[in-house]
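I have placed the structure first, in the form of structure tokens, so that the comments after it can refer back to it.
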Amino acid sequence: MAKSKGLTPQSEDFSSWYNEIVYRADLADLAPVRGSMVIRPYGYALWENIQRELDAMFKATGHQNLYFPLLIPVSFFAREASHVEGFSPELAVVTHAGGKELEEPLAIRPTSETIIGEMYAKWIQSYRDLPLLYNQWCNVVRWELRTRPFLRTTEFLWQEGHTAHATAEEALAETRKMIEIYADFAENFAAVPVVKGEKTEGERFAGALSTLTIEAMMRDTRALQSGTSHYMGENFARAFDITFNDENNEQAFVHTTSWGFSTRFIGAIIMSHGDDKGLILPPRLAPHQVVIVPIFRSNDEAARQSVTAEVDKLRSALIDQGIRVHVDNREGMSPGRKFNEWEQKGVPLRIELGPKDIEKGTALLANRLEEGKREVRLEELAVTMAAELSDFHERLFERARRFREEHTFHAQSYDELKEMVEHGFVYASHSGDPASERAIQEETKATVRCLPLEGPSAEGSVCIHTGKPSGYPRKVMFAKAY
RNA sequence: CGGGGUGUAGCGCAGCCUGGUAGCGCACUUGACUGGGGGUCAAGUGGUCGCAGGUUCAAAUCCUGUCACCCCGACCA
313 MAKSKGLTPQ
323 SEDFSSWYNE
333 IVYRADLADL
343 APVRGSMVIR
353 PYGYALWENI
363 QRELDAMFKA
373 TGHQNLYFPL
383 LIPVSFFARE
393 ASHVEGFSPE
403 LAVVTHAGGK
413 ELEEPLAIRP
423 TSETIIGEMY
433 AKWIQSYRDL
443 PLLYNQWCNV
453 VRWELRTRPF
463 LRTTEFLWQE
473 GHTAHATAEE
483 ALAETRKMIE
493 IYADFAENFA
503 AVPVVKGEKT
513 EGERFAGALS
523 TLTIEAMMRD
533 TRALQSGTSH
543 YMGENFARAF
553 DITFNDENNE
563 QAFVHTTSWG
573 FSTRFIGAII
583 MSHGDDKGLI
593 LPPRLAPHQV
603 VIVPIFRSND
613 EAARQSVTAE
623 VDKLRSALID
633 QGIRVHVDNR
643 EGMSPGRKFN
653 EWEQKGVPLR
663 IELGPKDIEK
673 GTALLANRLE
683 EGKREVRLEE
693 LAVTMAAELS
703 DFHERLFERA
713 RRFREEHTFH
723 AQSYDELKEM
733 VEHGFVYASH
743 SGDPASERAI
753 QEETKATVRC
763 LPLEGPSAEG
773 SVCIHTGKPS
783 GYPRKVMFAK
793 AY
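Put into structure tokens, the structure is as follows:
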């Protein structure tokens, strides 16, 4: 998959490092389909944990899961002008089936607003039917020109939430609520600090009136859009005729939202936390939170038995606390090899247990964020692991947050912006003029990632590019992005 | 679509200029010794050299065509 020799996230060849991690950590493999990948069991286990935690948050806020078809009549896309414009170039279309040419070609969904809109029109009659708070977990296909494992694959897995509301206020509140959930998830489960913000007109989703985003900083200081939440206004309601009778028996269009979070986020985890030794996984999402490596000579049956017994005891104690623990009892593989492998795979904590330890009633505990190992008493180990994992999460998050802070700047002039944008996130006043935004992108390769929801005020300031008054209440955030 | 590059064993590559019937590292198999940081030794398995044509006594190597993939850019979660 890659061919770099070392693993150095700060090196100029960050992209080789990234590909190497994906390969060495056994997350994914290239598939014999353009721009696609196979998510391997270890990577998929990570995705399952992401799914489970996010899904619980959706359910807790009143959402329900359902499922829509993979194939969508191409004509559906044409109904919403900006949507068709946004998605046409990347549609994959089925033209033949059943041995003959189809009367109407079917697109493989790049996103499901259209087909969901079609059905919502049938389901919604009255204000009593609202709101509709639905979500689906599925795959989508977008024929992007340039692909990268997890970050932009031709086919990817995601969830897409689609809600319909009686009023704009309610729909906007939903949009806001969901970006908060994404941010909450990113920070409290993945230990990835994010900037919440609103996209500028040019960066908005096709057909949206406003798009909220969470932006994370990768270890090469570039930004990664990690989740989005869109307010569609009445655009899709008008295009698909989704109307209802309100309390006054007057007909009105619903206001819709959509929000999505994808396997791209696995890329965010890799690039936020990984180091020269490999991946580092956030404990709350890691497939294995703790790996136990038993150590004994294969010709010493007594040692094997006592080590196995002790390992089993420890394992049960950890499982009882709800900890995801894995015992690596592969034979014929040296312990050193195993240590290395689990480090590359980013397992937060590793316990080494051999005859010498058992004599002392201890084990060695290795923490992926630390050098060396600590000797810990066995009875203590059994009860402190949960706290240890929680602490690991805090440290990982804090480390990523500090890295972002150290690479966040404030530009007072365009020259400063040009320089700073090479090293991270840059806050600056901007007029909001789309042409100026494009010109800045052209010259610096950096884009306005968002207008942060919380950030420095731009009151009374002038645009660093045009000299016109700031077009926003706060400074916008520029960065080079994936 | 523009610019660059690569197709030889599961993976990473050498061989090609100067034609003589394929090699290295890793991985894999077997055995022994090993086992607390990517083990050692020995013996093995595995390739119609991307595909098609041509030149030649002879083609991985030279020529023509073709396909695929990768990287940089434009597009994007």
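First residue of the first sequence: 313, per the numbering used here; consecutive thereafter. Yeah, the Cβ is synthetic: ideal placement off N, Cα and C, and Gly gets one too.
From this set, the options, which residue's C-alpha is nearest residue i's C-alpha?
i, options, result
"V602", "E456, W654, Y494, S618", "W654"
"V659", "E682, L591, T674, H719", "L591"
"R516", "G772, L763, D496, K792", "L763"
"A393", "V639, K412, E456, G519", "G519"
"N561", "F389, S438, I420, N377", "S438"
"E717", "A404, A528, E687", "A528"
"W359", "E510, W435, H600", "H600"
"V733", "V760, A712, L708, S743", "V760"
"L690", "A791, L442, A621, D553", "A621"
"D632", "R616, I582, E664, T696", "T696"
"Y794", "Q617, I436, R464", "R464"
"Q471", "S538, L626, V405", "S538"
"I607", "M544, S387, V619, A598", "V619"
"E513", "I491, G744, V774", "G744"
"F737", "H719, A357, I582", "H719"
"N500", "R627, L597, E413", "L597"
"K589", "G473, R627, E682", "E682"
"R336", "G410, A698, I582", "I582"
Inspect the beta-carbon positions of residue i and residue j and report whether they are closer than 7 Å.
i, j, result
"Y504", "A580", "Residue 504 is actually Val in this sequence, not Tyr. Closer than 7 Å, so yes."
"T466", "T569", "no"
"I752", "H777", "yes"
"T575", "F565", "no"
"T675", "R662", "Note that residue 675 corresponds to Ala in the displayed sequence, not to Thr. Their beta carbons are not under 7 Å apart, which means A675 does not touch R662 by this criterion."
"A747", "L729", "no"
"A694", "A614", "no"
"H477", "L442", "yes"
"V623", "E664", "no"
"H375", "N447", "yes"
"H567", "A483", "yes"
"Y494", "F548", "no"
"F389", "I578", "no"
Roughly how many whole angstroms lie between the Cα atoms of residue i and residue j?
i, j, result
"R680", "K657", "10 Å"
"G355", "A340", "6 Å"
"P781", "Y379", "47 Å"
"T459", "T426", "25 Å"
"T756", "I333", "29 Å"
"G666", "H638", "16 Å"
"E710", "F704", "10 Å"
"N652", "E456", "36 Å"
"L708", "R714", "10 Å"
"F399", "P422", "8 Å"
"E430", "F552", "6 Å"
"R811", "S769", "Lying outside 313 to 794, the shown extent of the chain, residue 811 is not represented and no answer is given."
"L765", "K787", "10 Å"
"K792", "V453", "25 Å"
"I795", "F497", "Residue 795 lies beyond the stretch modelled for the chain, which goes from 313 to 794, so this question has no answer here."
"F540", "L521", "Reading the sequence as shown, one finds Thr at residue 540 and not Phe. Going by the C-alpha atoms only, they are around 13 Å apart."
"D367", "L382", "21 Å"
"I809", "E402", "What the structure shows of the chain is the stretch from 313 to 794, and residue 809 is not part of that stretch, so it cannot be assessed."
"G318", "G684", "Unreliable placement is indicated for G318, whose pLDDT of 45 sits below 50; no coordinate value is reported for it."
"N451", "M369", "20 Å"
"L444", "G410", "36 Å"
Is it buried or exposed, residue i, if we count other Cβ atoms within 10 angstroms and call 16 or more buried?
i, result
"T407", "exposed"
"R330", "Rather than Arg, the amino acid found at residue 330 in this sequence is Tyr. By the neighbour-count rule (16 or more Cβ atoms within 10 Å), Y330 is buried."
"A480", "exposed"
"G644", "exposed"
"P344", "exposed"
"G673", "exposed"
"W571", "buried"
"D669", "buried"
"N377", "exposed"
"Q795", "Residue 795 falls outside the range modelled here, since the chain spans only 313 to 794, and no answer is possible."
"D727", "exposed"
"D532", "buried"
"I594", "Note on residue identity: the sequence assigns Pro, not Ile, to residue 594. By the 10 Å Cβ count, P594 comes out buried."
"D587", "buried"
Under 6 Å: does the beta carbon of residue i sit that close to some heavy atom of the ligand COA?
i, result
"Y494", "You won't find the ligand COA in this model; it holds no ligand whatsoever."
Those runs of the beta strand (DSSP E) which lie wholly inside the segment 387 to 474 and span at least 3 residues: 404 to 409, 412 to 420, 444 to 453
Runs of beta strand (DSSP E) lying entirely within the segment 657 to 716, each at least 3 residues, in chain order: Runs of the beta strand (DSSP E) inside the segment 657 to 716: 661 to 665, 674 to 679, 685 to 689.
Unbroken stretches of the alpha helix (DSSP H), 4 residues or longer, contained in the segment 730 to 781: 746 to 756
Complete runs of the alpha helix (DSSP H) confined to the segment 571 to 621 [at least 4 residues]: 576 to 585
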